[in-house]
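A.B. asks: Residue numbers (this note's numbering), protein chains in the order written: chain W, 1 to 568; chain E, 1001 to 1568. Note that beta-carbon positions come from the ideal geometry of N, C-alpha and C, so glycine has one too.
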């Protein structure tokens, strides 16, 4: 019966010829610059042997080959945030700034950054980002700027801005692709060391740096790095502009001094106002919750420990010997067993045992949340609102990675009542500017029933009302929906945490909104009393012939009685 | 002054302590399973030397290293469509089916596919996809299933389902990651050749296949490939289900016979109803429009031609010797020059000359559009509508890649009038099921002012009304927003073409809607005439003492006169 239905579907499709069009059966599409007479000739010339040639496994095998990661991202440059010239400018600067800030903070240096955008011609710019960081040792410079998937951050569990080892070399690759100019990098690692100037291109077929220039230069700086990229770009002001990004970065990093030189502008200096670095986030080991079977298998093979107990407690965070023994017991394995000799089935038993054992939440030292108090205070001062609240969720784990969600919610005041709630998104303290619709934060916010918290809401949309929502996710590994790091992927654990935070903030908002309504209602009732009681007093005076004093006393008594009733 | 403003911003931020929270300054977040007393000890034990240790360039350099593409995608598996178990099942099957269909079509074989989903336990499934394709030669099998970024499609300009060399090996990698089980692949390339059975895992640190098993087996099939993957997954019915995908695939590929076995179901057979393959799309050379400077530089270095004229006309499509000479003239270069000896500046001159020369649109043989007529017919039959129209745009070019946009629009009939317009998205004839909001197709549709075409529309939303919109983009290289190929990236050229198609379809809809309104208005006016004229006749008869015949004649005359006036 199912088969009959299936057949019917296909029969209908065939009867329509649906999706079965050959280019020949179709009326020829108009070409952009038509010259129809030349068409068949040109086509024939180009592929004399293409039509009718049939492939087999052997002819197809001859074409199979490796694709280099650089080729891949050259073709897919939109995955890295280089799909249009305006975004390309922002992405290139962002990648360089992220690197500079991470490097300075890791070396315990208060960052001093210079960001320059120089207009070279129509759609052509040179960007430069300079820092006072620790510098890069000479041998590493070519690879860091001329090789994709190379770096120090990918394999560490630590809250950092960069994480993939793609960003800055991709920016250089885009510059090369659009202008043919290599990246210029200057670096100096100490006052008595020479500065090195490199010009680096990428051999995209090999994903390897090609050094065009390598000299020592004088640089009157104790240490630091400067990177310059020439690229096809557009500089615009307004929303999602580089100006915007720079201001938000300064705001979010008060320990940074930032000199910003935009085309045709004076230098803008964002002076450091905090004179201490934020407490550094620490590197941690993976947490057993959410670790994948495949990862566990590899860890068992690669461990330096000789016993299962040792491996579990050494290679994971929050696993004491007691917890390790408990996992082994639950899995029916001996804690003294050699982990490298376990069968796949035995490792799988361990894997299945982990969720049954209570293990302390991952250490939070790897995370650097903003904190409830500061979030709330920030909102109250930044946003002209009547009410602000903030929720910092306890840390949770997705796929073994600790993460933490923070929510800030402001309401009322001068916020526009007729527009959609405004949403600010942050990941590891970096503002996210593109792809709002694709982000787990947005999606989570749209699944909340905001009407029960006193806002209006259309189905499948953010609520309408005088509100600003800000959501921060801090993690040792933020899962972005693309390499350009513009939106957070919808992992169920992350969406759940965001929802829990939103609901908590929402409940508080609901209490405030309801309270305000009640106050307004009371105000209204009270005003009735105050409005009408004097008239009643006058009426009573006439009817009963009261003295003025008696009338006033009666009015007062009435007020008290009515007020008491009203309050009940 | 700017500096002052900047300083003010930072001062304000500091005053709030905004974003400057150290984990210590913040009230400690509640941990999931709190046990606060143990916390400092555990933290101290884990990273005895982390606090206060300062990094410098040398210590940081020691940690820099290569990241393998497999490691990268293991950690970022959501980029490949494996972010949750339900999607993982669909993605794995889709990748295997795409490969099977591409292989069969390339070899000129009418595809016969078997798709099986077997439930092995809670959240654990085995999928199998089997085809009658040309098979894979023995030596290639491990790499195709056990190495990311390997394949034959990436370097070709041809409309195909697969394009990246990631899909099927990523599905295998996900299976390995979640179940520890290697991929099983069977392949046979001819009736007299043996079938080979492989079990293949990926060494993610090296991005290289690890062969667990390699034997010859009997397989009563002339040729074909079968792949089996065990994976953590969820099987569900309904929207975005595998069932849905299979039905749409059958519908879109009437030349395919598809046997589908879902858990706890009977086999569903979608019999082939078209007995010819669609005319194959052909491979082309790049078109000069939209080629990037970096690519042109590399082409000049790598060309086999000895002259610029030769290079331009041999390595590009649609460039005759005349056009090549014209480009050279425009660039101030000699057509006889050796392209391999050109300076960057000279190549850049060529690059800037290209857009100034009229070059014929790229050949369409590389594309396989559905076609206006069939699109419209399909909509009319599939959708219970009053009006259907379709637009096939002429081919255009983005970044040197030909592409073509097709629009189908249906309106009225039994379609729900109060809901958002329904949107179907297709890329190279494959339905796109996820990430609608992130897709260039959706974004383009939302920028159209549909109110001028007779639909209602809120700002920044799809229109409301009884309408179904289907958009197909066919290209030799569809730029997806992520490796999971769920949404099309917003390249300006692509968005523009979609918009032009939508506006054309919209105008036709507008004509229809306005016409229908006019008809309705006329209908109303006419009904007035027909309603009142007999009464006027009666009145006239009484006033003027007309005979019945005379009255009838007068009424008829009046009708004709009024009808004429109304029509004017």
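1) Can you give the beta carbon distance from residue 411(W) to residue 445(W), rounded, assuming they're within the 8 Å contact cut?
2) Hey, residue 440(W) and residue 494(W): beta-carbon distance below 8 Å or not?
3) So within the stretch 1180 to 1244 of chain E, which uninterrupted beta strand (DSSP E) runs reach at least 3 residues, ignoring any that extend past its ends?
4) With DSSP run on the structure shown, which of helix, strand or coil describes residue 1337(E)?
5) Using the C-alpha atoms, what's the distance from residue 515(W) back to residue 551(W)?
6) Do residue 1479(E) and residue 1489(E) have their C-beta atoms closer together than 8 Å?
7) If we ignore side chains and look at the alpha-carbon of each, how far apart do residue 1047(E) and residue 374(W) end up?
8) If the cut is a Cβ gap below 8 Å, which residues of chain W does residue 1315(E) touch?
9) Does DSSP classify residue 66(W) as helix, strand or coil?
10) If I follow the unbroken beta strand (DSSP E) through residue 118(W), where does it start and stop?
11) According to DSSP, is residue 1255(E) helix, strand or coil?
12) In chain E, which residues lie less than 8 Å from residue 570(W) when you measure between Cβ atoms?
13) What number of angstroms, rounded off, separates the C-alpha of residue 1232(E) from the C-alpha of residue 95(W)?
14) Taking the alpha carbon of residue 414(W) as the point to measure from, which residue in 542(W), 384(W) and 127(W) has its own alpha carbon closest?
15) Under 8 Å, with one C-beta from each stretch per pair, do the stretch 273 to 286 of chain W and the stretch 301 to 319 of chain W reach the 3-pair mark?
16) Output needed for residue 1102(E): all residues of its chain with C-beta closer than 6 Å, excluding positions within five of it in sequence on either side, in chain order.
17) Taking the straight line between their C-alpha atoms, what separation do you get for residue 26(W) and residue 1239(E)?
18) In three-state DSSP terms, what is residue 1472(E)?
19) Closest to residue 140(W) by C-alpha separation, out of 132(W), 206(W), 152(W) and 131(W), would be which residue?
20) Using a Cβ cut-off of 7 Å, which residues of the stretch 230 to 248 of chain W contact any Cβ in chain E, in chain order?
21) Is any heavy atom of the ligand FMN found at a distance shorter than 7 Å from the C-beta of residue 1487(E)?
22) Short of 6 Å in beta carbon distance, which residues of its chain neighbour residue 1400(E), apart from the five on each side in sequence? Order them along the chain.
23) Residues in the same chain with beta-carbon distance under 8 Å from residue 1158(E), minus the five sequence neighbours each way, listed in chain order, please.
24) Mapping the DSSP letters down to three states, classify residue 1404(E) as helix, strand or coil.
25) Going along chain W in order, which residues have a C-beta closer than 8 Å to the C-beta of residue 1150(E)?
26) Interface residues of chain E around residue 134(W) at Cβ under 8 Å?
27) From what residue to what residue does the beta strand (DSSP E) around residue 323(W) run?
28) Based on Cα-Cα distance, which residue from 1143(E), 1434(E), 1195(E) and 1435(E) lies nearest to residue 1217(E)?
29) Report the start-end ranges of each alpha helix (DSSP H) in the stretch 275 to 324 of chain W that is 4 residues or longer and not cut off at the edges.
30) If the cut is a Cβ gap below 9 Å, which residues of chain E does residue 172(W) touch?
31) Hey, is residue 1450(E)'s beta-carbon within less than 8 Å of any beta-carbon in chain W?
32) Excluding the 5 residues flanking residue 60(W) on each side, which residues of the same chain have their C-beta closer than 7 Å to its C-beta?
33) For residue 368(W) and residue 188(W), I'd like the C-alpha separation in whole angstroms.
34) Give the secondary structure of residue 511(W) by DSSP, where H, G and I count as helix, E and B as strand, and everything else as coil.
35) Residues in its own chain within less than 8 Å of residue 133(W) by CB, not counting five upstream and five downstream?
36) If you measure beta-carbon to beta-carbon, which residues of the stretch 297 to 330 of chain W are closer than 7 Å to chain E?
C.D. replies: Answer, in terms of the structure:
1) As a first step, residue 411(W) is located in the first chain; it is residue number 411 there, counting from the start. As a first step, residue 445(W) is located in the first chain; it is residue number 445 there, counting from the start. Wrong, their Cβ atoms sit about 15 Å apart, outside the cutoff.
2) Looking up residue 440(W) in the first chain gives position 440. Looking up residue 494(W) in the first chain gives position 494. Cβ distance < 8 Å, so residue 440(W) and residue 494(W) count as in contact.
3) 1183 to 1188, 1195 to 1203, 1208 to 1217 and 1224 to 1232
4) Sequence index remark: in the second chain, residue 1337(E) carries index 337 (1-based). Three-state DSSP puts residue 1337(E) in coil, outside helix and strand.
5) As a first step, residue 551(W) must be located in the first chain, where it is residue number 551. As a first step, residue 515(W) must be located in the first chain, where it is residue number 515. Going by the C-alpha atoms only, they are around 36 Å apart.
6) As a position in the second chain, residue 1479(E) is number 479, starting the count at 1. As a position in the second chain, residue 1489(E) is number 489, starting the count at 1. In this structure, residue 1489(E) lies closer than 8 Å to residue 1479(E) by Cβ.
7) The sequence position of residue 1047(E) within the second chain is 47, counting from 1. The sequence position of residue 374(W) within the first chain is 374, counting from 1. Bear in mind that a pLDDT of 38 at residue 1047(E), under 50, signals an unreliable position, so the number given afterwards is only what the model happens to contain. Rounded to whole angstroms, residue 1047(E) to residue 374(W) spans 28 Å at the Cα level.
8) Position 315 of the second chain, counted from the start, is the residue given in the question as residue 1315(E). Result: empty, since nearest Cβ-Cβ is about 11 Å, beyond 8 Å.
9) The sequence position of residue 66(W) within the first chain is 66, counting from 1. Reduced to three states, the DSSP call for residue 66(W) is strand.
10) Reading the first chain from its first residue, position 118 is the one you call residue 118(W). It spans 112 to 121 - the beta strand (DSSP E) in which residue 118(W) sits, taken as one unbroken run.
11) The residue given as residue 1255(E) occupies position 255 in the second chain. If DSSP states are grouped into helix, strand and coil, residue 1255(E) belongs with coil.
12) There is no way to answer for residue 570(W), as the model of chain W reaches only from 1 to 568.
13) Looking up residue 1232(E) in the second chain gives position 232. Looking up residue 95(W) in the first chain gives position 95. Taking the straight line joining both Cα atoms gives about 35 Å.
14) Within the first chain, residue 414(W) is the residue found at index 414, counting from 1. Ranking the options by Cα distance to residue 414(W), first place goes to 384(W).
15) yes
16) If you number the second chain from 1, residue 1102(E) lands on position 102. Excluding positions up to five away in sequence, the list reads 1160, 1161 and 1162.
17) Start at 1 with the first residue of the first chain, and residue 26(W) comes out as number 26. Start at 1 with the first residue of the second chain, and residue 1239(E) comes out as number 239. Residue confidence for residue 26(W) is low, a pLDDT of 31 falling below 50, so the modelled location carries little weight; the figure read from the coordinates is stated next. Going by the C-alpha atoms only, they are around 32 Å apart.
18) Counting from one through the second chain, the residue named residue 1472(E) turns up at place 472. Residue 1472(E): strand per DSSP, three-state reduction.
19) The residue you call residue 140(W) lines up with position 140 of the first chain. For residue 140(W), the nearest C-alpha among the options comes from 152(W).
20) 247
21) Summarising the ligand content, the structure contains no ligands, and the ligand FMN is consequently not present.
22) Here residue 1400(E) is taken as the residue at index 400 of the second chain, counted from 1. 1286, 1287, 1290 and 1291, listed in sequence order.
23) Position 158 of the second chain, counting from 1, holds the residue named residue 1158(E). Closer than 8 Å at Cβ, skipping near neighbours: 1281, 1282, 1283, 1284, 1366 and 1476.
24) As a working note, residue 1404(E) is residue 404 in the second chain. In the structure shown, residue 1404(E) sits in a strand (DSSP, three-state: E or B).
25) Translated into the one-based positions of the second chain, residue 1150(E) becomes position 150. Near residue 1150(E) (Cβ distances below 8 Å), the residues of chain W are 64, 65, 66 and 67.
26) Residue 134(W) sits at position 134 when you count from the first residue of the first chain. Ordered by position in chain E, the residues that pass the 8 Å Cβ test against residue 134(W) are 1055, 1056, 1057 and 1060.
27) Taking the first residue of the first chain as position 1, residue 323(W) is located at position 323. No beta strand (DSSP E) contains residue 323(W), which is instead part of the alpha helix (DSSP H) from 321 to 331.
28) The residue given as residue 1217(E) occupies position 217 in the second chain. Checking every option, the nearest Cα to that of residue 1217(E) belongs to 1195(E).
29) 293 to 302 and 308 to 315
30) Looking up residue 172(W) in the first chain gives position 172. Correct list: empty, because the minimum Cβ distance to chain E is about 11 Å.
31) In the second chain, residue 1450(E) corresponds to position 450, counting from 1. It does not: the Cβ of residue 1450(E) has no partner Cβ on chain W nearer than 8 Å.
32) The residue you call residue 60(W) lines up with position 60 of the first chain. No residues qualify anywhere along the chain.
33) Start at 1 with the first residue of the first chain, and residue 368(W) comes out as number 368. Start at 1 with the first residue of the first chain, and residue 188(W) comes out as number 188. Approximately 29 Å, taken between the alpha carbons.
34) Translated into positions along the first chain, residue 511(W) becomes position 511. DSSP places residue 511(W) in helix when its eight states are reduced to three.
35) One-based indexing of the first chain puts residue 133(W) at position 133. Excluding positions up to five away in sequence, the list reads 100, 103, 104, 107, 109, 111, 223, 224 and 225.
36) 297, 317 and 318
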